[in-house]
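K.L.:
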Ligand SMILES: [Zn+2]
Ligand SMILES: [Zn+2]
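Below, the structure written as structure tokens:
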């Protein structure tokens, strides 16, 4: 009988790969207050929230944006490039929302087209070739659902992006900044460590979409948001994210500098640990991280298999220091 | 002092990889008559000439066409798929002209768009993954030069196709059926053995294009054709093709069955030899085949380097039988 | 009954009207014709059990992981609790969840086969579908057998929230290992296949084939047209459209599907000089 | 003379009119400004020697393969024989052919560098260009140094016929080996780069950057618009158009080019944990 409630993370004791000194929240019990799911939705969507380029300019040095998918178009909803994180060159790929209506139109409200995901794939491969770690910044309501996206293979592009990340032979750190909208987020969110800002959300469908389908009423979005357990602390409980990055008291939108500082501390600490792992260990731990997800019972199974060792124990160098 | 007139082939003595029993012409001296370049241009463009699908249906069994580039469109100017050559599964990729005006419009006169070359790349990779030999059939006036092609990266697609073929870890046999139009042909024409039908042509620019630029008059096309040495026997003399496949007396268009029979004999014989080579030998010989092209003098070079051993000698199993 | 469980919608003494050509089809005949209209070739949806019977060599199918059932990670309640929905779907279908997996042979080629069933909660992908496919891919890797997945799904199962989303990462991770090992994976797309299923394993086959007229879209029709406020052209997001747009290798009619898959797998197998997979 | 050989078109006591903004530019100033209009940033074409001087660390350039000269594989004659054309171009330019190759350092990064010169027979690619680039790539592989190619070319050299075409296969073969070895190759595209050069090495950089306003097309303007009988939009086939269409990583102004390349190469080098290349 297997009953994996969540496979990836089991609370504070095991998260040896998550640094103490990064001030991360690795158990929802650490939170003084637990915002409602709906508050998190509002915070994650706040137009003043730090978006990908806000974070890049504050966390990294010498950012050079790299453009294009080499096939159709440079998608402004995804930005990527090379920069330095405390002197260490890295590849960054992030979804970019606007801070104004005008910028949002230009950025398609952070909803990438297929060519955006194909640009991401190109940059993932570039990183792999030159052993650059990948840091992704997730912030999208979802992949663009319009007919141009369908025509050019939105689903194919997302699938290939996920596929590429699962076996990419270089460390990947994912940070969910704001909205993690379904497959459009997952195309940037397969990593060795998956972090989220405290008020970020991550869900299989938007609360509005869920409400329309399950409650047959878009006004039930708040109820749907709660039911879907899409807020940071829920994601932590579910093991979908490994840790939360604390936001300033009033929320990330009140202080971009402070938010960036917390992100930087977390990235530096995680990267230092991941870089010590051999690539083969990295890839097998990444496999097991995602392999573990699922809530199942298998009544007929002959005997209970021994409890699997948590995947992160395979990183000998990443254990919590005594 | 280096003076490589042509690197790839040096006449009958060395072409041990080209089977006697395939009835191939490996020296232009074997030809009873040598058609003029302009006659070859006319023959290569004859609308009744056997085109790629005519050849596929007659030479191969159980052809299953595979479609699409997985990104933009299925280009009808390139057909590809899996078929059997005397029971041996192979991947075929060919450029497809029409046998009527209507079909030519549908096939864009055999001028591929970028997505056509991207389909070709996908099929090359499929072949490599499953150790299927690749057989390409070249027949194009050139890659489509219109603005849609430019917008979607005609040059990028051709470059990537060439790139993919140079290191593809499976045997590749190229057959130039009719027109080998410049880069648009080369994207299908990097192989371990490059064959051409007797009246095929292969050139860096069309005779008309060359006449317009160099003679400033498109009516000088015949003169340009002669000057460019683009006909089968010239290509053989230059080493650009390794052997010619003989056409029926009146030309390939007079007898598709006979033409296909000659192609089949050649392919079966070449494939049997190439398949015996280790992949690493195949790749290094392919490298040297193209590495050798160039007509150069290097007056200041310290000493004459020893004459390089012909690349095909590296295939121990491909020597001419005594 | 030629294909195991008889589809509820076609009681065999009644007639069914073809939605494409309007022909009245006698159900017994329709089922005998693989649920395909004998006049216009309209492909009606097909349940997982009859699908398996049509695809595999007679008697070769050995079901795997049949007892897996879903938990309730979110303790999800909309108009009723998720466990009640599952129980209802199980009672109605006689199946445990939306996919059936097993080991089989197709035209003599050993395969791991997973077939989805749209009748079970819209073929939605949750933990059970994710686990069955992942295990099938892992078996394919271990035994060096080809993998064949027949998709029919509305996408990820909302009631499992991000745990359903994570199934995409889990399945694709296993497929990527299969790819690296050079083991073939053929994706068969049937009506309808949308959302997270299309945006993961259904789009990752070495070869991707679809049945004629299948709806194949990332976004549902409502979402797609609602977002841009325009009418979509006829046939948008159907198999024929995707073929033209370059996303399908072939459209294969149901009657030819088994033979075609067997040809592809046979070609890949015969060509494997160093016998990296299969026997 | 800041950049070696003085471009013929800018005698230093005269003025040149900027074709973009109409400004009259004093040649001495123009050359000092890297052949860039000081008012509108119009990038005038630049010869290979001054380009090298601008790009490399002072004194680091060691030319390679400088004596290579072309043969005449086709015994080609149009209005005059090909060898006479070459001789004329050599006399006019003082160079042997349309590319200069050498070993150098860019911001401290050791590189193999090849720079094309459009003034020599339209920068056309024949056996000499093909051989110089191939040797540079082979040196880069052997010495594990990065490769940088600055393109400016009308395409393959017609006078060498299919032998010129084969240079594409030859060069790309060498680049593919470099790629497999994980050694960086940066392609710099300048005005104009078209035809077989664009359809081979210029499009294959790990990173591809272009100068502003450069004409970058597979087909020449005449061919492109003639074929379809329509007027092309302004800016079609220029750097800015290609950036939007996804084919360039960046557009980099001439003044920043050296520093930018150095940053990229430095990033790749620093990241190489197992020191697969570079020093
Ligand atoms: Zn019908
Ligand atoms: Zn100006």
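Residue numbers (this note's numbering), protein chains in the order written: chain F, 789 to 1110; chain X, 789 to 1110; chain C, 141 to 419; chain U, 141 to 419. Note that the Cβ used here is the ideal one computed from N, Cα and C, for glycine as well. Predicted model only: the values in this text are computed from it and were never measured.
#1: In terms of alpha-carbon separation, which member of C:353, C:359, C:286 lies closest to residue 295 of chain C?
#2: Closer than 7 angstroms to a non-hydrogen atom of ligand 2 - does that hold for the CB of residue 182 of chain U?
#3: Name the residue from F:965, F:959, F:937, F:992 whose alpha carbon lies nearest to the alpha carbon of residue 742 of chain F.
#4: Report the residues of the segment 1066-1083 of chain X with a CB closer than 7 angstroms to any CB of chain U, ordered along the chain.
#5: By the three-class DSSP mapping on this structure, what secondary structure does residue 380 of chain U have?
#6: Which of the three DSSP states is assigned to residue 401 of chain U in this structure?
#7: What's the C-alpha gap between residue 961 of chain F and residue 1068 of chain F?
#8: Compute the Euclidean distance between the alpha carbons of residue 382 of chain U and residue 337 of chain U, then round it to the nearest angstrom.
#9: Answer yes or no: the CB of residue 160 of chain C versus the heavy atoms of ligand 1, is any distance below 7 angstroms?
#10: So the candidates are F:954, F:825, F:858, F:888; which of them puts its Cα closest to the Cα of residue 1073 of chain F?
#11: For a test of the three-state rule: what should DSSP assign to residue 158 of chain U, helix, strand or coil?
#12: Can you give me, in chain order, the residues of the segment 309-328 of chain C that have a beta carbon less than 9 angstroms from any beta carbon in chain X?
#13: Between the alpha carbons of residue 365 of chain U and residue 878 of chain X, how many angstroms are there, rounded?
#14: Looking at the unbroken beta strand (DSSP E) that takes in residue 327 of chain U, where does it start and where does it end?
#15: Can you tell me which of the three DSSP states residue 182 of chain U falls into?
#16: Which residue wins for smallest C-alpha separation from residue 344 of chain C, given the options X:938, X:840, X:859?
#17: Cβ of residue 995 of chain X within 8 angstroms of Cβ of residue 977 of chain X?
#18: Name, please, each residue of chain F whose Cβ falls closer than 8 angstroms to the Cβ of residue 212 of chain C.
#19: Say whether chain F places a C-beta atom closer than 8 angstroms to the C-beta of residue 432 of chain U.
#20: Using the C-alpha atoms, what's the distance from residue 194 of chain C back to residue 143 of chain C?
#21: Apply the 10 Å Cβ neighbour rule to residue 920 of chain F and answer buried if 16 or more other Cβ atoms are within range, or exposed otherwise.
#22: Per DSSP, which one or two residues make a beta bridge with residue 1084 of chain X?
#23: So if I threshold CB-CB distances at 9 angstroms, which residues from the segment 936-961 of chain F count as touching chain X?
#24: Beta-carbon of residue 303 of chain C versus every beta-carbon of chain F: anything under 8 angstroms?
#25: Is there a Cβ of chain X sitting closer than 8 angstroms to that of residue 169 of chain C, yes or no?
#26: Using a Cβ-Cβ cut-off of 6 angstroms (strictly less than) and excluding sequence neighbours within five positions of residue 419 of chain C, which residues of its own chain qualify?
#27: For residue 406 of chain U, which option in U:251, U:321, U:303 has the closest C-alpha, if you only look at C-alpha atoms?
#28: Pair every Cβ in the segment 809-818 of chain F with every Cβ in the segment 1017-1025 of chain F, then say whether three or more of these pairs are closer than 8 angstroms.
#29: Is residue 953 of chain F helix, strand or coil when you go by DSSP?
#30: Run down chain C in chain order and give the residues with a C-beta less than 9 angstroms from the C-beta of residue 917 of chain X.
#31: Cα-Cα, which of U:270, U:205, U:357 is closest to residue 314 of chain U?
#32: Assuming the contact rule is C-beta atoms closer than 8 angstroms, residue 342 of chain C and residue 291 of chain C should be a hit. Round their C-beta distance to whole Å, please.
#33: Check residue 250 of chain C in the structure and name its three-state DSSP category.
#34: Any heavy atom of ligand 1 inside 7 angstroms of the beta-carbon of residue 163 of chain C?
#35: For residue 968 of chain F, which residues from the same chain have a beta carbon less than 6 angstroms from its beta carbon, with the 5 sequence-adjacent residues on both sides left out?
#36: Does the beta-carbon of residue 232 of chain C, which I'm using as the reference point, lie nearer than 7 angstroms to any heavy atom of ligand 1?
P.N.:
Let me lay it out:
#1: By 1-based counting over the third chain, the position of residue 295 of chain C is 155. The option with the nearest alpha carbon to residue 295 of chain C is C:359.
#2: Residue 182 of chain U sits at position 42 when you count from the first residue of the fourth chain. Indeed, a heavy atom of ligand 2 lies less than 7 angstroms from the Cβ.
#3: For residue 742 of chain F there is no data in the structure shown, the boundaries of chain F being 789 and 1110.
#4: 1075, 1078, 1079, 1081, 1082, 1083
#5: Here residue 380 of chain U refers to the residue found at position 240 of the fourth chain. If DSSP states are grouped into helix, strand and coil, residue 380 of chain U belongs with the helices.
#6: Residue 401 of chain U sits at position 261 when you count from the first residue of the fourth chain. Assignment of residue 401 of chain U by DSSP, reduced to helix, strand and coil, places it in the helix class.
#7: Numbered from its first residue, the first chain carries residue 961 of chain F at position 173. Numbered from its first residue, the first chain carries residue 1068 of chain F at position 280. Taking the straight line joining both Cα atoms gives about 16 angstroms.
#8: What you label residue 382 of chain U is simply residue 242 of the fourth chain in a count that begins at 1. What you label residue 337 of chain U is simply residue 197 of the fourth chain in a count that begins at 1. So the alpha carbons of these two residues sit roughly 16 angstroms apart.
#9: As a working mapping, residue 160 of chain C is identified with position 20 in the third chain. Checking every heavy atom of ligand 1 against the Cβ of residue 160 of chain C, one is found closer than 7 angstroms.
#10: Looking up residue 1073 of chain F in the first chain gives position 285. The candidate whose alpha carbon is nearest that of residue 1073 of chain F is F:954.
#11: Residue numbering aside, residue 158 of chain U sits at position 18 when the fourth chain is read from its first letter. Reduced to three states, the DSSP call for residue 158 of chain U is coil.
#12: 319, 322, 324
#13: Translated into the one-based positions of the fourth chain, residue 365 of chain U becomes position 225. Translated into the one-based positions of the second chain, residue 878 of chain X becomes position 90. Any answer about residue 365 of chain U is weak, because its pLDDT of 48 lies below 50 and its placement is not dependable; what the coordinates show is given next. For residue 365 of chain U and residue 878 of chain X, the distance between alpha carbons rounds to 39 angstroms.
#14: Taking the first residue of the fourth chain as position 1, residue 327 of chain U is located at position 187. Where residue 327 of chain U is concerned, the enclosing beta strand (DSSP E) stretches over 325-334.
#15: Position 42 of the fourth chain, counted from the start, is the residue given in the question as residue 182 of chain U. Assignment of residue 182 of chain U by DSSP, reduced to helix, strand and coil, places it in the coil class.
#16: Within the third chain, numbered from 1, the residue matching residue 344 of chain C stands at position 204. Distances from the alpha-carbon of residue 344 of chain C to those of X:938, X:840, X:859 put X:859 closest.
#17: Here residue 995 of chain X refers to the residue found at position 207 of the second chain. Here residue 977 of chain X refers to the residue found at position 189 of the second chain. It is not a contact, given that the beta carbons lie outside the stated cut-off.
#18: On the third chain, residue 212 of chain C is found 72 positions in, with the first residue counted as 1. In chain order: 1083.
#19: A query on residue 432 of chain U cannot be resolved here, the shown segment of chain U reaching from 141 to 419 and no further.
#20: Within the third chain, numbered from 1, the residue matching residue 143 of chain C stands at position 3. Within the third chain, numbered from 1, the residue matching residue 194 of chain C stands at position 54. At residue 143 of chain C, the pLDDT of 38 sits below 50, so the modelled position is not reliable; the number obtained from the coordinates is stated separately. Inter-residue distance for residue 143 of chain C and residue 194 of chain C is about 7 angstroms (C-alpha atoms, whole angstroms).
#21: Translated into the one-based positions of the first chain, residue 920 of chain F becomes position 132. Counting Cβ neighbours within 10 Å, residue 920 of chain F comes out buried, since at least 16 surround it.
#22: Residue mapping note: residue 1084 of chain X aligns to position 296 of the second chain, counting from 1. Paired residues: U:210.
#23: 939, 940, 941, 944, 945, 948
#24: Counting from 1 along the third chain, the entry for residue 303 of chain C is found at position 163. Yes, its Cβ sits closer than 8 angstroms to a Cβ of chain F.
#25: Position 29 of the third chain, counting from 1, holds the residue named residue 169 of chain C. Answer no: the Cβ-Cβ gap between residue 169 of chain C and chain X never drops below 8 angstroms.
#26: Here residue 419 of chain C corresponds to residue number 279 of the third chain, with the count starting at 1. Here the model assigns residue 419 of chain C a pLDDT of 30, short of 50, so the residue's position is not dependable and the matter cannot be decided.
#27: Walking along the fourth chain from the start, residue 406 of chain U turns up at place 266. In terms of CA proximity to residue 406 of chain U, U:251 leads the group U:251, U:321, U:303.
#28: yes
#29: Counting from one through the first chain, the residue named residue 953 of chain F turns up at place 165. Reduced to three states, the DSSP call for residue 953 of chain F is helix.
#30: Residue numbering aside, residue 917 of chain X sits at position 129 when the second chain is read from its first letter. Result: 319, 322, 324, 346, 408.
#31: Sequence index remark: in the fourth chain, residue 314 of chain U carries index 174 (1-based). When only C-alpha atoms are compared, the closest one is U:270.
#32: Start at 1 with the first residue of the third chain, and residue 342 of chain C comes out as number 202. Start at 1 with the first residue of the third chain, and residue 291 of chain C comes out as number 151. Between residue 291 of chain C and residue 342 of chain C the Cβ distance is about 4 angstroms, and since that is below 8 angstroms, they are a contact.
#33: Position 110 of the third chain holds residue 250 of chain C. It is a strand residue.
#34: Numbered from 1 along the third chain, position 23 holds the residue referred to as residue 163 of chain C. True, at least one ligand heavy atom lies under 7 angstroms from that Cβ.
#35: For the purposes of this step, residue 968 of chain F is taken as the residue at position 180 of the first chain. Correct list, in chain order: 926, 990.
#36: Here residue 232 of chain C refers to the residue found at position 92 when the third chain is read from its first residue. Not under cutoff, so the answer is no.
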